[in-house]
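Per the working numbering: the sequence shown = residues 1 to 379. Glycine included, every Cβ here is placed at the ideal spot set by N, Cα and C. None of these values were measured; they are calculated from a predicted model.
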Amino acid sequence: MLPALVAGVLWLAGLLDLDPVGRVQVVSLAFAAWSTINVWVAYRWAGHVGGPAASMASAGLSIASIEMAHFAPHPLGETLATPLLLWGLYLAFRTGAPEQAGARRSCGIAAGVLIALAVFLRFQLAPAAAIGVLWLTWRDLRGRFLPLAVAATCSFLAAGALDWLTLGAPFQSIWLYVYLNIAEGVAAHFGVAPWHRYIAWLRSTWEPLFLPILGLALLDAWRAPPHALGAAIAGAGLVAAIALEVLPPSRNRWTVGTAPGAFMRQINADRAACGVAIHPWDLWGAAAGYAYLRPGIQLYAFSPAADRRQLDAFNFIYAAAEWDMSPAGYARLACRTSGRNGLCLWRREGGCDSAASSAASSAVKLVLPPGIPGRAPAP
């Protein structure tokens with residue numbers, strides 16, 4: 001489901017005749033626009049609980065949220081699922097409004113569909129969804145919970161059928177994910193952290209407001225229902241949350257990823273570009289891979305141990321600022337700051353000999369695009 005949505009946005013971006021970087025930016029804009037649902041929900045829900053002042057404060061804090069500002073433009077399951085979950089829970093809350101029974105039932109059905117899709121896209125949200133639904137509907141299981149549960153079940157089954165049609169087995173996007181990460185340890189390859197690391201991340205992101213916000217949350221949870229937490233916390237933290245955006249560590253995050261986009265756009269504009277190398281290899285994640293490169297440009301990783309002949313496989317190098325590539329015949333084009341790191345783009349005259357990458361040593365490795373195992377991308 002998620003790749004299909006991204007592919008649709010990319011297709012629309014292609015109609016505008018944009019370069020690869022521009023198409024990726026259109027995807028970012030689409031997901032950022034989708035995230036405004038969070039702001040709308042904060043505004044509407046807080047207004048029902050605390051009035052106009054609470055609406056403005058909650059919407060303002062949602063806009064200023066560090067997490068939303070940094071993650072909303074990324075095409076991730078979380079960024080697509082979170083607005084669905086919040087929207088669904090808000091509609092579940094509205095099933096208790098003093099309106100006609102038909103309107104409340106419609107809100108419950110819509111809430112079930114949205115919450116089921118949120119869980120399907122990011123099933124780790126299931127505990128939060130279950131707690132939220134039960135908290136909001138347990139006082140009227142037949143009138144509020146039952147329509148929501150039936151709609152959610154039907155929607156979830158339909159999503160599982162979509163997996164069956166596109167992947168080959170019902171709910172494969174969920175059970176295969178669980179199997180690969182628990183049985184095969186794929187996620188552990190990137191590192192394992194204890195559960196309380198989440199608290200440490202929140203503390204490091206929201207300092208020095210973490211303890212005051214936590215205290216207000218606990219106080220309000222004792223005095224009022226949880227759906228009033230947003231209004232109480234927002235009023236106290238709005239201004240400080242905005243100030244936090246210009247202080248470390250948030251300030252450094254604003255520039256992460258800006259250098260690769262600028263460099264790849266510069267490479268795409270050079271018609272002689274035929275190969276790009278990344279050094280050191282751990283910069284690969286920041287370089288965005290083939291998503292930012294036009295077709296026909298090879299992508300390599302290399303180390304200083306590379307044989308001189310292997311450097312003929314590419315004519316651009318994207319490297320950490322401390323590395324000097326001039327002895328290998330490269331001229332520095334530009335340097336930029338990306339987060340805490342300095343990065344530079346280097347270029348040499350001449351074309352590329354893809355066969356040179358296998359000469360003498362394995363210090364130069366071709367990075368293959370997805371779906372093309374064992375061979376170089378077609379020009």
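Alpha-carbon to alpha-carbon, residue j and residue i
i	j	result
Gly22	Ala4	19 Å
Phe156	Ala355	50 Å
Leu18	Phe31	18 Å
Ala130	Ala158	19 Å
Trp206	Cys154	39 Å
Ala66	Leu84	A small correction: the amino acid at residue 66 is Ile; Ala does not occupy that position in the sequence shown. Computed Cα separation, rounded: 20 Å.
Leu311	Ala328	8 Å
Tyr292	Leu12	17 Å
Pro98	Leu117	27 Å
Tyr290	Thr79	22 Å
Gly51	Ile199	31 Å
Arg308	Gly261	28 Å
Ala54	Trp323	52 Å
Pro75	Val6	7 Å
Ala188	Pro194	12 Å
Ala228	Met56	In this prediction, Ala228 scores a pLDDT of 49, lower than 50, which makes its location untrustworthy; the coordinate-derived value is nonetheless stated afterwards. Each residue's Cα considered, the two are about 14 Å apart.
Buried versus exposed, by CB contacts within 10 Å (16 or more), residue i
i	result
Phe302	buried
Val119	buried
Val186	exposed
Ala151	buried
Trp45	buried
Gly8	exposed
Pro20	buried
Cys298	Here residue 298 is Gln; the residue named in the question, Cys, does not match the sequence. Per the 10 Å Cβ criterion, buried.
Phe190	exposed
Pro226	Bear in mind that the predicted position of Pro226 carries a pLDDT of just 47, short of 50, making it unreliable; the figure below should be weighed with that in mind. So Pro226 ends up on the exposed side.
Asp163	buried
Leu33	Note that residue 33 is Ala in the sequence shown, not Leu. Under this definition Ala33 is an exposed residue.
Ser204	exposed
Leu61	buried
Leu180	exposed
Ser338	buried
Val276	buried
His196	exposed
Thr137	buried
Ala259	buried
Arg104	buried
Arg94	buried
Ser35	buried
Supposed contact pair residue j and residue i - C-beta distance, whole angstroms, cut 8 Å
i	j	result
Leu10	Val27	7 Å
Ile174	Phe123	5 Å
Leu114	Gly88	3 Å
Leu202	Phe210	6 Å
Ala81	Ser58	Wrong, their Cβ atoms sit about 21 Å apart, outside the cutoff.
Val39	Ile63	6 Å
Ala92	Val133	6 Å
Leu148	Gly112	4 Å
Gly351	Cys274	6 Å
Gly96	Arg144	7 Å
Leu121	Gly77	5 Å
Ala320	Pro280	6 Å
Those residues which DSSP pairs with residue i across a bridge
i	result
Tyr177	According to DSSP, Tyr177 bridges with nothing at all.
Leu343	Ala320 and Arg336
Gly275	Gln298
Ala331	Arg347
At least three beta-carbon pairs within less than 8 Å, the stretch 262-277 to the stretch 328-337 | yes
Inspect the CB distances between the stretch 64-75 and the stretch 88-108 and report whether three or more fall short of 8 Å.
-> no
Quick one: any contact between the stretch 344-354 and the stretch 316-325, if contact means 3 or more CB pairs under 8 Å?
-> yes
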